[in-house]
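**Q**
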Amino acid sequence: MEICTRAISFYSYQVSQEICFQTMLYKNLEDKYSGLEKQLQGIVRDANAEITSLRERVTALQKDQELEKRKAHDLHDQLLEKTRQFQKLQTMYEKLKRKTLVPTLQQTVQNTIGPGGGQGGVMAGQIGRRPFTPAMANGGGSRAWRVGGPVAVAGGGDDRDPYVYQAQPHYRNPQPQQQQ
Numbered sequence: 006m007e008i009c010t011r012a013i014s015f016y017s018y019q020v021s022q023e024i025c026f027q028t029m030l031y032k033n034l035e036d037k038y039s040g041l042e043k044q045l046q047g048i049v050r051d052a053n054a055e056i057t058s059l060r061e062r063v064t065a066l067q068k069d070q071e072l073e074k075r076k077a078h079d080l081h082d083q084l085l086e087k088t089r090q091f092q093k094l095q096t097m098y099e100k101l102k103r104k105t106l107v108p109t110l111q112q113t114v115q116n117t118i119g120p121g122g123g124q125g126g127v128m129a130g131q132i133g134r135r136p137f138t139p140a141m142a143n144g145g146g147s148r149a150w151r152v153g154g155p156v157a158v159a160g161g162g163d164d165r166d167p168y169v170y171q172a173q174p175h176y177r178n179p180q181p182q183q184q185q
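Heads up: the sequence shown is residues 6 to 185, going by our numbering.
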């Protein structure tokens with residue numbers, strides 16, 4: 006009986022030791038779990054803060070992009086308007102240039118080749134020299150051009166000259182030899 010008592014007491018000692026050991030393991034695991042849980046909560050909190058920050062940044066960038074799109078669209082519209090204005094001014098300039106250049110060329114031609122203006126289309130004092138031609142005025146060759154009257158009236162809008170002039174080549178007559 007004494008052996009049985011000792012065996013039972015040893016068994017109860019072993020069980021109590023096992024319970025203490027398991028309790029200690031449980032406490033250690035519980036401490037590790039709570040530490041990991043706190044760490045996880047910190048990571049989740051940081052991740053949520055980062056996500057919120059990135060969402061705000063994306064929203065701000067989208068607003069900036071929309072603003073830049075509006076600016077680009079406005080600049081494009083301004084460019085189109087300025088291009089239209091430039092083309093209108095260019096057309097007006099060309100029209101004015103034609104209106105002022107044609108009478109000037111006619112006057113120059115009439116003065117150079119005009120009636121009673123010298124021998125063979127050459128004015129007095131220019132014998133032996135070539136007459137000044139409108140082509141020369143524009144840096145062209147030595148061929149003289151005679152600008153005729155209006156050939157036809159052009160129909161159409163305000164941006165065109167109403168008269169169409171016909172340019173005809175005029176070749177200089179050979180100079181008569183001066184008699185000595």
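In this text, a Cβ means the ideal position worked out from N, Cα and C, and glycines have one as well.
#1: Skipping 5 residues on each side, what residues in its chain have a beta carbon closer than 8 Å to that of S14?
#2: L85 to Y98, Cα distance in whole Å?
#3: Between R62 and A52, what straight-line distance do the alpha-carbon atoms span, to the nearest angstrom?
#4: Can you tell me whether DSSP reads M6 as helix, strand or coil?
#5: Distance, Cα to Cα, Q90 vs K102?
#6: Distance cutoff 8 Å, beta carbons only. Does Q95 sit that close to anything in chain C?
**A** So, from the data block:
#1: On the sequence shown, position 9 is the one that residue 14 refers to. Taken in chain order, the list of residues that qualify is empty.
#2: Looking up residue 85 in the sequence shown gives position 80. Looking up residue 98 in the sequence shown gives position 93. Whole-angstrom Cα-Cα distance: 20 Å.
#3: Your numbering for residue 62 matches position 57 in the sequence shown. Your numbering for residue 52 matches position 47 in the sequence shown. Rounded to whole angstroms, the separation of the alpha carbons of A52 and R62 is 15 Å.
#4: Along the sequence shown, one-based indexing puts residue 6 at 1. Three-state DSSP puts M6 in coil, outside helix and strand.
#5: Reading the sequence shown from its first residue, position 85 is the one you call residue 90. Reading the sequence shown from its first residue, position 97 is the one you call residue 102. Using only the alpha carbons, I get a separation of about 18 Å.
#6: Although the question refers to chain C, the structure presented lacks it and comprises just one protein chain.
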